[in-house]
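Going down the list, the protein sequences come from chains A and B.
Counting in numbering that gives the first Met the number 0, the first sequence runs from 0 upward without gaps.
Counting in numbering that gives the first Met the number 0, the second sequence runs from 0 upward without gaps.
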Amino acid sequence: MQAADRRDSIVLIAPVTAFLLVMLALPLAIDLLYSVSQVSFENLRAPTLQGFGNFLKVLHDGAFWSAMGFSLRFALVTAVAELLLGLFLAIFLAPILARWSFLIAIFLLPMMVAPALVGLMYRLILHEFVGVLPYYFVLWTGDSPAFLDPQNAFWTLAVIEVLQWTPFALLILYSSYGAIPGEIREAAAVDGIRALAQLRYIDFPWMMPTILLTFFIRFIDSFRVFDNVYVLTGSGAGGSTTTISIYIYEAFFKQNDIGQAVAASIVLLLLSFVVLVVLLRFARARR
Amino acid sequence: MMKGFKSVLAGTVALLALAAGSAQADVTVLGWPGGPEEVALRKTVEVYNARSDVAADDKVKLIFFNRDGFWDKLQADLAAGSSEFDINLVATYSIGRYAPFMDPITLPDSAKQIFSDKVLATQQFDGKQYGVPTDLSLIYMYFRKDLIEKLESDAAWKKTYGEISQKYLGKTLEPKAPDQWTWDDYAATALFFTKGINSSSPTRYGTVLQMKNLLFNMMVFQSSARSEGGNWLDENGKVSVDSAGYRKALELYKKLYDAGTSPKDSLSYEFPEANAAFGSGQVATMMQWNAAFADLNDKAKRPVVAGKIGTVAPPAGEAGRFTHIHGLGLGLNKSSQHKEGATKFLNWLASADAMVTYAKAGGSPALQGDAAQQLATDRPDLVTLGEFANKYGFIMNGGTTANALQVYELQAKEFTGYWAGTKDLDATLKETSDEMGKLLK
């Protein structure tokens with residue numbers, strides 16, 4: 000009986016195991032091989048082993064660290080902004096959304112547009128001769144700023160990202176805010192609690208896990224941003240808007256240095272692990 | 000149950016065999032999608048397939064990827080040894096990269112009557128021909144005929160022009176016909192037609208520079224560097240980008256950008272943005288690909304400038320007048336399973352009949368001799384294209400090597416950094432030269 004159970008277990012687990020092996024383990028093994036090889040499109044099937052040269056190249060490449068810096072700054076700024084805006088809207092609009100729930104669908108519209116398309120849209124919107132924004136700037140002030148020049152590109156890209164993804168924060172945080180039991184608020188009201196105190200002592204602590212989760216999801220998503228930035232500014236004048244995803248893409252496809260691109264991905268993976276471990280410890284400590 | 004399963008299996012095998020057989024029966028061409036090249040290729044293939052001397056097994060069928068990321072996808076497919084297509088697109092700047100996955104071809108002798116050596120060279124790598132040159136692109140200087148005519152004739156404008164050129168360029172210049180311009184004349188005209196410099200200018204900007212960190216923008220820029228004597232490699236094969244020619248051309252772009260002669264967002268401009276600016280009627284001159292002309296001169300789309308646009312080769316520098324050329328072509332996939340049929344099609348494609356058909360259907364081949372004359376009525380623009388390509392066309396030394404694309408990418412990153420003011424010129428040229436040395440060794 001036990002043998003039959005074991006056999007059934009193996010049969011049942013086999014497809015998933017095979018799937019994981021093919022879809023995850025095999026690519027990872029190839030990646031590890033490529034990361035220690037001299038490999039380009041010409042010798043994809045026969046890479047030349049060269050040790051840890053690709054990793055050293057990446058770690059000594061100023062452009063890699065510059066891209067890491069850009070992505071970190073971008074992720075931090077946009078995740079914080081989306082969180083604060085989303086939180087504000089979730090609480091401020093809660094009574095309205097509770098009454099007219101269809102408004103949620105309208106607020107979510109920006110999320111439904113593909114990021115690459117958002118990039119294209121803003122190329123039009125921000126263009127000095129055909130764009131809506133420059134038109135009104137010129138009309139009202141006589142001049143229009145250069146939204147995408149190296150001085151302003153970071154903030155323009157950040158605002159576009161925030162406009163597109165704040166609805167995500169709004170959706171999650173509104174759900175969390177709505178899940179706070181009514182009796183707790185009623186009890187607090189009976190005790191004469193003021194609105195700000197209710198936010199501080201009831202709403203925020205209750206929502207804190209969701210707030211953290213929202214922040215981290217948005218941080219991760221913004222950190223790996225590619226589409227809209229690439230469409231709008233490419234890697235920017237002198238590489239000024241190179242995100243880590245763009246760095247890896249360009250090393251892979253544009254520079255044909257697949258070993259370097261894969262090594263950069265693995266460095267990124269290891270750094271992400273470190274961040275993840277720190278975050279998990281932080282979360283456990285809170286518990 | 001078992002019998003049913005066997006029937007299904009047998010049927011599937013038969014279908015697969017049929018599909019494989021039919022795949023081998025045709026010559027499959029992977030073309031450039033979504034533009035006049037696709038329309039032209041469809042028509043040309045239609046004519047080829049209708050010929051009585053084309054065997055059923057040699058009929059051509061077409062497939063197209065999406066244009067976005069086309070070259071990356073093609074590269075991945077070729078590297079993977081795909082035999083899904085027998086003939087694939089190839090471009091001047093990527094021949095060296097794709098050559099390891101393609102077979103060189105030998106064009107019929109008659110091809111030399113149709114294509115000039117310069118045009119054939121756009122599809123050559125390492126002394127071998129890799130493609131039939133189907134479409135040629137080059138850079139024109141676009142200008143507003145109405146404005147330049149007034150500039151040449153209006154005394155008050157001439158006087159202001161002289162004053163502005165003296166103030167910004169240190170020499171008093173007089174307006175000339177655009178086909179006589181040097182880069183100084185271009186700069187003076189750009190300054191004159193900039194509202195911020197000359198408040199009576201009818202346009203907001205004198206020119207529009209495409210300065211986005213993008214390899215295609217570097218191709219536009221090369222014409223000015225080449226005309227000042229710049230080249231990627233010298234006659235000994237040594238990297239020569241750190242030169243007076245490149246220095247002068249880079250400084251000119253920066254000077255014009257800093258002076259406000261080009262829109263403030265020019266560092267994010269590429270082909271469509273520049274066209275939109277010029278098409279708005281607020282820009283007097285522009286260096287742009289020949290492909291932009293039809294759209295800009297379309298009254299329905301660009302009513303402000305249509306009918307008022309002139310085109311000449313880019314201005315002359317110390318080394319002469321040059322225009323960057325590159326071409327699209329069709330070549331033979333090394334992994335093709337139908338090379339004989341594919342070669343027959345490529346040989347036919349290099350004939351005058353095929354190229355005239357292709358041109359009349361919307362393609363842009365640069366032809367010469369009788370073939371070019373056959374287009375004089377339907378496509379006069381292609382006659383000019385062929386003439387300009389032969390007279391002013393150039394490909395940088397090393398421009399078709401395996402790492403040519405990386406060189407453009409490198410230059411795009413470094414040069415835009417200088418134009419944006421994040422790097423000085425000496426460091427820019429030194430780093431470009433060092434990195435090019437690694438790429439072109």
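C-beta: ideal position from N, C-alpha, C; glycine also.
Under the three-state DSSP convention, the category residue i falls into
| i | result |
| --- | --- |
| A283 (chain B) | strand |
| G52 (chain A) | helix |
| S21 (chain B) | Confidence at S21 (chain B) is low in this model, with a pLDDT of 44, below 50, so its placement is unreliable and no value can be given for it. |
| G288 (chain B) | According to the sequence as given, residue 288 (chain B) is Trp; it is not Gly. Of the three classes helix, strand and coil, the one that applies to W288 (chain B) here is strand, per DSSP. |
| N402 (chain B) | coil |
| D67 (chain B) | coil |
| I192 (chain A) | coil |
| S143 (chain A) | coil |
| A315 (chain B) | strand |
| P180 (chain A) | coil |
| Q197 (chain A) | helix |
| S36 (chain A) | strand |
| T171 (chain B) | coil |
| G420 (chain B) | coil |
| I29 (chain A) | helix |
| P132 (chain B) | strand |
| I95 (chain A) | helix |
| T43 (chain B) | helix |
| D76 (chain B) | helix |
| A62 (chain A) | helix |
| Q163 (chain A) | helix |
In DSSP terms, what residue i is bridged to
| i | result |
| --- | --- |
| I446 (chain B) | Here chain B comprises residues numbered 0 to 440, so residue 446 (chain B) is not present and cannot be evaluated. |
| R143 (chain B) | B:I308 |
| F124 (chain B) | B:K127 |
| M101 (chain B) | B:N332 |
| P35 (chain B) | Its beta-bridge partners do not exist; DSSP assigns none. |
| G30 (chain B) | B:F63 |
| G392 (chain B) | B:T322 |
| I86 (chain B) | B:V28, B:L331 |
| T16 (chain A) | None, per the DSSP bridge assignment. |
| T342 (chain B) | Partner(s): none; T342 (chain B) has no beta bridge. |
| T376 (chain B) | None, per the DSSP bridge assignment. |
| T415 (chain B) | In the DSSP output, where bridge partners are listed per residue, T415 (chain B) has none listed. |
| T47 (chain A) | A:Q37 |
Where residue i falls, given that 16 or more other Cβ within 10 Å makes a residue buried
| i | result |
| --- | --- |
| Q179 (chain B) | exposed |
| T206 (chain B) | buried |
| S239 (chain A) | buried |
| S21 (chain B) | Because the pLDDT at S21 (chain B) is just 44, under 50, the model does not fix this residue reliably, and the value given afterwards should be weighed accordingly. Exposed, since its Cβ has fewer than 16 Cβ neighbours within 10 Å. |
| F124 (chain B) | buried |
| Q281 (chain B) | buried |
| W139 (chain A) | exposed |
| I324 (chain B) | buried |
| D423 (chain B) | exposed |
| I62 (chain B) | exposed |
| W156 (chain B) | buried |
| D67 (chain B) | exposed |
| S8 (chain A) | exposed |
| R378 (chain B) | buried |
| M22 (chain A) | exposed |
| K117 (chain B) | buried |
| Y135 (chain A) | exposed |
| Y200 (chain A) | exposed |
Anticipated Cβ contact below 8 Å, residue i with residue j, distance rounded
| i | j | result |
| --- | --- | --- |
| G328 (chain B) | V89 (chain B) | 5 Å |
| A318 (chain B) | S226 (chain B) | 6 Å |
| G235 (chain A) | A152 (chain A) | 6 Å |
| R143 (chain B) | A358 (chain B) | Contact flag wrong, Cβ pair sits at about 28 Å. |
| G368 (chain B) | Q165 (chain B) | Going by Cβ atoms, the distance from G368 (chain B) to Q165 (chain B) rounds to 47 Å, so no, they are not a contact pair. |
| S363 (chain B) | L345 (chain B) | That pair is no contact at about 18 Å. |
| Q74 (chain B) | I94 (chain B) | Not really, about 12 Å apart at Cβ, beyond 8 Å. |
| F270 (chain B) | A248 (chain B) | Contact doesn't hold; Cβ gap of about 20 Å is too wide. |
| M435 (chain B) | L409 (chain B) | 7 Å |
Contacts of residue i in chain D (Cβ-Cβ under 9 Å)
| i | result |
| --- | --- |
| Q37 (chain A) | Absent from the structure is chain D; the protein chains it does hold are A and B. |
Query raised in the report: Quick one: complete alpha helix (DSSP H) runs, 4+ long, within the segment 179 to 266 of chain B?
Result: 182 to 191, 214 to 226, 243 to 257
Requested in this report: Go through the segment 213 to 248 of chain A residue by residue and report every complete run of the beta strand (DSSP E) that reaches 3 residues or more, in order.
Outcome: none
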